[in-house]
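*Asks:*
In my numbering, the protein residues as written are 1477 to 1945.
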């Protein structure tokens, strides 16, 4: 018998290996606790096993951090809160959003433990923390409780969490690739649900709008991030596949009927192609511009014939008040005027429109659809000024270290983001989680580092990752 086999059998026969194995001891403890629960508290019988499963999931996420972050990005972009609320009930809407943002905070914590903490002094999350503290001192909105304000604070800082992590370049590259494919993957899943008769692919709202798994405006936000990611990838390696994926995402964006995102996408793409004379595109960089210029008159000519599609309906009819913002904004303006300097605390934007009021029932939303106006309500002029200042410093600091093409594109992207914020909920919605994860991925993946580089693991990383060696 081989020597290794004799030692293994000897260890099993003596029980020495079992008595001194941490895994065996932990397993025995779990079953002992479960047995005690079965006798004294039957309802808690499964609790020890749930704790073990959660711990195992955390360890698995720690070992495969990038894969879990990519999977989280897909879940965030699938807008499961809307799909689940439509299929299983509206009660799942808020818990699903909380789970997505809580998962981002948890993954960011794991990234910090594994790769290290990155000092991000100009991170916009600090503005939300400051507004929350000012709100507590000044006084919250009469319809806003402390617990609701704290929950809103967590949701406000979650999109910026990854920026506090010292992430490897491969993390950024993987997140950019998922951002590019995100609308196409979710649209494929939505098509299956539509064929099964569970959830329609299109929604009626001033014409047919492509909704995917959620709402057309959310799908448009994810398409916008995907188009930006395609531009980054296109100028990095010049592969034709990125141009094809950019065109596919642009087509999806058109079918969503979202006007502001489409204008931002066209502006950023056009200016990027015009300003960046990169050799990786050679003579092909003018082809998309020429194609778009030739199709624009045709679109305007045929708009009346395809008015069933929302975008063409907007082009062929007077649809200036199609969004209903003329009903929402006056309510927020009055609330902001009541406390112009300090606002009403983080989360007050959710308390302005009564959930059972006529406007909420008509518009199916209580959000301002204007981040400048919402921040004025929650943080006043001081909070808004601080947030804008931190954003400018944050973008300037991170883009200053990028290569020329990434720098130009990302600065155009954030200018477009500032414009888009005037008409949509780009900070608090899950589209913001995807957008800022993509932005962080660009900041990380553009940094020069040796192939295969992985930030040196800390003390806890060495303990958990020891099983790999």
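Beta carbons: idealized from backbone N, C-alpha and C, even for Gly. These numbers come from a predicted model, not from an experiment.
Taking 7 Å as the cut-off, decide whether the C-beta atoms of residue 1847 and residue 1917 are in contact.
*Replies:* No. Outside cutoff.
*Asks:* By DSSP's criteria, residue 1593 is part of a beta bridge. Which residues make up the other side?
*Replies:* 1641
*Asks:* Answer with buried or exposed for residue 1540, where buried requires no fewer than 16 other C-beta atoms within 10 angstroms of its C-beta.
*Replies:* Looking at its Cβ environment, which holds fewer than 16 other Cβ atoms inside 10 Å, residue 1540 is exposed.
*Asks:* Only counting the same chain, and skipping five residues up and downstream in sequence, which positions put a Cβ closer than 7 Å to that of residue 1604?
*Replies:* Only 1629, 1632, 1633 and 1822 meet the Cβ criterion.
*Asks:* So is residue 1533 buried or exposed if we call it buried at 16+ other beta carbons inside 10 Å?
*Replies:* exposed
*Asks:* In this structure, does DSSP put residue 1752 in helix, strand or coil?
*Replies:* coil
*Asks:* Distance, Cα to Cα, residue 1849 vs residue 1699?
*Replies:* 25 Å
*Asks:* Assuming residue 1860 and residue 1922 are in contact, meaning their beta carbons sit under 8 Å apart, how far apart are those beta carbons, in whole angstroms?
*Replies:* About 30 Å; that fails the 8 Å criterion.
*Asks:* Give me, in chain order, the residues of the same chain whose beta-carbon lies closer than 6 Å to that of residue 1707; leave out the 5 immediate sequence neighbours on both sides.
*Replies:* 1748 and 1885
*Asks:* In whole angstroms, what separates the C-alpha of residue 1735 from that of residue 1842?
*Replies:* Rounded to the nearest angstrom, the gap between the Cα atoms of residue 1735 and residue 1842 is 20 Å.
*Asks:* Just to confirm, are residue 1913 and residue 1638 a CB contact at a threshold of 7 Å?
*Replies:* yes
*Asks:* For residue 1569, I'd like the list of residues in its chain whose CB is within less than 6 Å of its CB, leaving aside the five on either flank, ordered along the chain.
*Replies:* 1557 and 1561
*Asks:* Check this for me: beta carbons of residue 1689 and residue 1678, under 7 Å apart or not?
*Replies:* no
*Asks:* Exposed or buried, what is residue 1870 when buried is set at 16 or more other beta-carbons lying within 10 Å of its beta-carbon?
*Replies:* buried
*Asks:* Would you call the stretch 1659–1669 and the stretch 1613–1624 touching, i.e. three or more CB-CB distances under 8 Å?
*Replies:* Counting Cβ pairs under 8 Å, fewer than three are found: no touch.
*Asks:* Any contact between the stretch 1801–1813 and the stretch 1608–1615? By contact I mean 3 or more CB pairs, one from each, below 8 Å.
*Replies:* No: the two stretches stay apart, fewer than three of their Cβ pairs being nearer than 8 Å.
*Asks:* Secondary structure at residue 1678, three-state DSSP: helix, strand or coil?
*Replies:* strand
*Asks:* For residue 1740 versus residue 1892, is the C-beta spacing smaller than 7 Å?
*Replies:* For residue 1740 and residue 1892, yes; Cβs fall inside 7 Å.
*Asks:* Tell me the residue span of the beta strand (DSSP E) that contains residue 1685.
*Replies:* Where residue 1685 is concerned, the enclosing beta strand (DSSP E) starts and stops at 1684–1686.
*Asks:* Does the distance from the C-beta atom of residue 1584 to that of residue 1641 stay below 7 Å?
*Replies:* yes
*Asks:* Please classify residue 1817: does DSSP put it in a helix, a strand, or coil?
*Replies:* coil
*Asks:* Could you have a look at residue 1562 and say whether DSSP puts it in helix, strand or coil?
*Replies:* helix
*Asks:* Taking only runs that begin and end inside the stretch 1699–1745, name each unbroken beta strand (DSSP E) of 3 or more residues, in chain order.
*Replies:* With a minimum length of 3 residues, no continuous beta strand (DSSP E) run stays inside the stretch 1699–1745.
*Asks:* Taking buried to mean at least 16 other C-beta atoms within 10 Å of its own C-beta, is residue 1946 buried or exposed?
*Replies:* Any property of residue 1946 remains undetermined from this structure, which presents the chain solely from 1477 to 1945.
*Asks:* Quick check on residue 1820 - is its C-beta less than 7 Å from some C-beta in chain C?
*Replies:* Protein chain content of the structure displayed is limited to a single chain, and chain C is not contained in it.
*Asks:* In whole angstroms, what is the alpha-carbon distance linking residue 1858 and residue 1906?
*Replies:* 25 Å
*Asks:* Just curious, the alpha helix (DSSP H) that residue 1614 is in, first and last residue?
*Replies:* 1601–1614
*Asks:* Would you tell me roughly how many angstroms separate the C-alpha atoms of residue 1555 and residue 1712, rounded to the nearest one?
*Replies:* Between residue 1555 and residue 1712, the C-alpha separation is close to 30 Å.
*Asks:* Counting C-beta neighbours from all protein chains within 10 Å, is the total for residue 1548 16 or more, i.e. buried, or is it exposed?
*Replies:* buried
*Asks:* Rounding to the nearest angstrom, what Cα-Cα distance links residue 1825 and residue 1518 in this structure?
*Replies:* 44 Å
*Asks:* Taking residue 1627 as the reference, give the member of 1855, 1571 and 1702 with the closest Cα.
*Replies:* 1571
*Asks:* Out of 1715, 1701 and 1731, which one is the CA nearest neighbour of residue 1745?
*Replies:* 1701
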